[in-house]
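Structure first, commentary second.
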Amino acid sequence: MNDTPRDTLPPDAVTRLLGTAARLRQAGDVARARALLRVLAAQRPDDARVWRALADLAESREERLTALRHLVALARPGTTPAVPRASAVTPTTMAIAGREPAVTSETAGTSTSSGASVAGAPRAAARHDTAAAAVGSARQSAGAAATPASERTATPARHPPARLARRYNWIGLALVGVALVIFAVLLLSSNRFSSIAARLTPTPPLVGTGVTGAPATPAPPTRVVDQAATAVPVPTAPPTVASPVVLPSPTATATPAPTVTPRPTLAPGAVVTRDAWTAALLRPDHAVALSGAIGTLQPRGRFVLALVAVANGGATAAAIPQDLFVLVDSRGNRYAPEPGASSVYLDTYGRGSHGDFSLEEAIPAGIGNVSVPIIFDVAAEARGLMLLVDDSDAGWPVTGAP
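So that you can map any letter, position 235 of the sequence shown is 235 in the working numbering, and since no number is skipped, the others follow by simple counting.
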């Protein structure tokens, strides 16, 4: 007759099963290790090792407190812990233990011998002989059991690794989104500032006469140039050519080199008459050199603007003759008005302060002086530019021209 009760495992079998539970825990299968420890607690309630391991792997706070109470009871001399019922040790999640094919509550209750109970344990226990992890956990649980229940605090629930990973993924995505928004705002701001800096500054408006419909009384002319309609050749300054130096003879007299005679200059407000037309440049800054384009019109060299006060003294409305105004440089090069540029100028900058009529429009007779913008396209290297009426010898200098 065997002295060991039929439903109690021998100590060596308990040791092997504790080692199996420790290996399952190290492998990450905590549920199966907990189920095995619950079966061992039901079989050997007097073994402190089982309660230490179960307290370390307890699923809930109540289960951990139950295991610690058994440890305290076993530590007191002369105290025999009561055999716990299966329902008291195993919570509703005991169904997990059903996945363990070798250790079940039915097998533990109907075992007839220690050999049969050991044979029902997991076969993996024979391949391992250490329970270091379970022993370390049991020592920690024993230290916790020695502390009074009033000083112990519940271990806060830990987030599963999957939940933490999902939380960190959302935080990372939010940070990336904020960085992209900041980058887009900076990019748009830099593009906006670049476009504002690259915008062309419009040509400063030129103030015209602003008088329409009533004849304007010009200032007393300082000089009125009245010439015949016949063309008069304009003297051309010969280019300066280096001539060989000739030593004068003792009786010769040195003659000065020929110099270019400067063209006479008309004062602002001087009126020039040609046939039925009278013209005047009222201010010096009404003939200026421009930089850049006029709207969509690009210069071949550079543009020169002359805002001229013109009056039609004829009987009918007529357009200004295309050869009435000419621009001449210091070398005698002549530049005619650019066709269509006067209309583009008024369309770009507006009528009124920038001009009343374009060079291509018909000017009514008898309305007095009106302002007309005349555009010339001159060479970039042109110097000493002057505005002439027809073939006059005198003219108005261009401001801003070298």
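For each residue, glycine too, the CB sits at the ideal point set by N, CA and C.
Query	Result
Under 7 Å, do F357 and V344 count as touching if we go by C-beta distance?	no
Which residues mark the beginning and the end of the beta strand (DSSP E) in which T278 is found?	277 to 280
For L388, write down the residues that DSSP places opposite it in a beta bridge.	V326
Would you say A365 and A315 are within 7 Å of each other, going by their C-beta atoms?	yes
When burial is assigned at 16 or more other CB atoms within 10 Å of the CB, is G400 buried or exposed?	exposed
So which of P299, A13, P264 has the shortest CA-CA distance to V384?	Strictly speaking, residue 384 in this sequence is Gly, with Val absent from that position. The option with the nearest alpha carbon to G384 is P264.
Nearest CA to the CA of F456: which residue from A31, R274, V14, V370?	Outside the displayed span of the chain (1 to 402) sits residue 456, for which this structure offers no information.
Rank Q322, A306, P284, S342 by C-alpha distance to the C-alpha of L297 and give the top, closest one.	S342
Tell me whether E381 is buried or exposed, calling it buried when 16 or more other Cβ atoms sit within 10 Å of its Cβ.	exposed
For Q322, tell me which candidate among G313, P337, V328 has the shortest Cα-Cα distance.	P337
On the criterion of 16 or more Cβ atoms from any shown chain inside 10 Å, does E63 qualify as buried, or is it exposed?	buried
Looking only at DSSP bridge pairs, what is S371 linked to?	A309
Among A394, W277, W51, A267, which has the Cα closest to the Cα of G313?	W277
Take I294 and list the residues in its own chain whose beta-carbon comes closer than 8 Å to its own, dropping the five residues that flank it on each side.	T203, F303, A341, V344, Y345, T348, I375
Can you name the residues that DSSP bridges to R334?	V328
For D47, which residues from the same chain have a beta carbon less than 7 Å from its beta carbon, with the 5 sequence-adjacent residues on both sides left out?	V14
For a quick check, are the C-beta atoms of R49 and L18 less than 7 Å apart?	yes
Tell whether a beta-carbon distance below 7 Å holds between R32 and L9.	no
If you drop the 5 nearest sequence neighbours on each side, which residues of the same chain put their C-beta closer than 8 Å to that of L74?	D46, A48, W51, P81
What is the DSSP secondary structure of V272, counted as helix, strand or coil?	strand
Which residues in the same chain as W170 place their Cβ atom closer than 7 Å to its Cβ, once the five residues preceding and following it in sequence are excluded?	none
Buried or exposed for L57, please, with buried defined as at least 16 other CB atoms from any protein chain shown within 10 angstroms of its CB.	buried
With C-beta atoms as the reference, is L387 less than 7 Å away from L305?	no
How many angstroms separate the CA atom of R38 from the CA atom of D12?	18 Å
If L36 and A55 are in contact, beta carbons under 8 Å, what's the gap, nearest whole angstrom?	That pair is no contact at about 15 Å.
Could you check what DSSP says for A318 in three-state terms: helix, strand or coil?	strand
Considering just the uninterrupted stretch of the beta strand (DSSP E) at V288, what are its terminal residues?	287 to 289
What residue range is occupied by the uninterrupted alpha helix (DSSP H) comprising S342?	341 to 349
Just the Cα atoms here: how many angstroms apart are T66 and Y168?	36 Å
Quick check: the Cα distance between R351 and A362, rounded to an integer number of angstroms?	15 Å
What residue ranges within the region 34 to 61 form continuous alpha helix (DSSP H) runs of no fewer than 4 residues, ordered along the chain?	48 to 56
Does the beta-carbon distance from H286 to L266 come in below 7 Å?	no
Please name the residue, chosen from P339, S330, I367, S353, that lies closest to P397 on a Cα-to-Cα basis.	S330
Let me confirm a value: I182 is counted as buried when at least 16 other C-beta atoms fall within 10 Å, else exposed. Which label applies?	exposed
Who are the near neighbours of P299 in its chain, counting only those whose CB is closer than 6 Å to its CB and skipping five residues on each side?	D377
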